[in-house]
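Residue numbers (the UniProt record's numbering): 1 to 287. Ideal placement from N, C-alpha and C gives every residue a C-beta, glycine not left out.
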């Protein structure tokens, strides 16, 4: 993109940094909850945080580092959360079950550049594993170049729930996919959206901190739906709204610019579809 555009993006991103500074996150700051946060500077706002239902009435029993994020179709279409820790993976599956979520989108690898980014919170094989009171079984796994798709079945008492797990593996932390990978990530977003139209419950999205890659994915999914029905976009307004529900969503300026690059590709594809439709209509009219 042009240098003047990059300067405009820099100004907009500085504006985004001011959002949410005064929104409280008292629950995350409680001493008994601090160990449940992967990063000390990424904490869920109180008003939008996901609350776990627990028989334990102790303070903090309802806490998980996760926030509801509004979407194109509903005010709680997404849950943005951190990559589970060994201490929180039971709570993660409890959230999946209680929210009746049927889609998990994972945008990190468990280890990147010799650093642990996320716990391996699912079974390595088809042998079921118990996470607290919840049993998780991997029904199938299919790997592609840039992502993997897994089908889980979770059981709790008499409840059973099928969950699809979409894991994009070619996205660096704090960064964006390679310059030529916009097509790949949009294909991934489209694949997840197709599954979402058949699913119930909020879509659970996480990377490591649950803000950078997570925020970028949610923005792209919302914009993909918006552009289908409209001829304009407000990317600054969209990211501003997301940041008012969870801090630091779309964490870097590079990710913010990448969203604009992907939107250009979305517009191009939409115009191509219109041209194809016009040609088909013209041929039908002549026949």
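A Cβ-Cβ separation of about 6 Å places residue 52 in contact with residue 64 under the 8 Å criterion. According to the DSSP assignment, residue 248 belongs to no alpha helix (DSSP H), since it is labelled neither H nor E.
Unbroken beta strand (DSSP E) runs of no fewer than 3 residues, entirely contained in the UniProt domain "Tyrosine specific protein phosphatases" (183-257), are found at 203-206, following chain order.
Leaving aside the five residues that flank residue 39 on each side, the residues in its chain whose CB is nearer than 7 Å to its CB run, in chain order, 209. Residue 259 carries a helical assignment under DSSP once its states are collapsed to helix, strand and coil. The alpha-carbon separation between residue 123 and residue 110 amounts to approximately 13 Å. Counting other Cβ atoms within 10 Å of its Cβ, residue 55 stays below 16 and is therefore classed as exposed. By the criterion of a C-beta distance shorter than 6 Å, residue 213 is surrounded in its chain by 107, 171, 207, once the five residues flanking it on both sides are discounted. A direct Cα-to-Cα measurement between residue 167 and residue 198 gives close to 19 Å. Assignment of beta-bridge partners to residue 267 by DSSP yields no partner.
Contact between residue 151 and residue 139 holds: CB atoms are separated by about 4 Å, below the 8 Å threshold. For residue 136, the enclosing beta strand (DSSP E) covers residues 134-143. Taking each of 194, 80, 104, 149 in turn and checking the Cα distance to residue 248, the smallest one comes out for 80. Contact between residue 218 and residue 263 does not hold, since the beta-carbon distance rounds to 14 Å and is not under 8 Å. Assigned with DSSP and collapsed to three states, residue 99 falls in coil, not helix or strand.
The beta carbon of residue 225 lies closer than 6 Å to those of 72 in the same chain, with the five residues before and after it left out. Between residue 134 and residue 157, the alpha-carbon positions lie close to 8 Å from each other.
Pairing residue 271 with residue 117, the inter-Cα distance amounts to about 39 Å. The C-beta distance from residue 16 to residue 240 rounds to 6 Å, short enough to fall under 8 Å. Apart from the 5 residues on each side of it in sequence, residue 14 has no Cβ closer than 6 Å to any other Cβ in its chain. Between residue 142 and residue 149, the alpha-carbon positions lie close to 5 Å from each other.
Annotation: residue 170 is outside any beta strand (DSSP E) and is labelled neither H nor E by DSSP. With a cutoff of 9 Å on beta-carbon distance, residue 75 and residue 45 are scored as not near each other. Assigned with DSSP and collapsed to three states, residue 114 falls in coil, not helix or strand. Scanning its chain for C-beta atoms nearer than 7 Å, with the 5 sequence neighbours on each side dropped, one finds around residue 195 the residues 103, 164, in chain order. Residue 105 holds the alpha-carbon nearest to the alpha-carbon of residue 216 among 34, 48, 105. Here DSSP, grouped into helix, strand and coil, assigns residue 122 to coil. Relative to the Cα of residue 29, the nearest Cα in the group 43, 18, 129 belongs to 43. When secondary structure is reduced to three states using DSSP, residue 51 falls in the coil class, being assigned neither helix nor strand.
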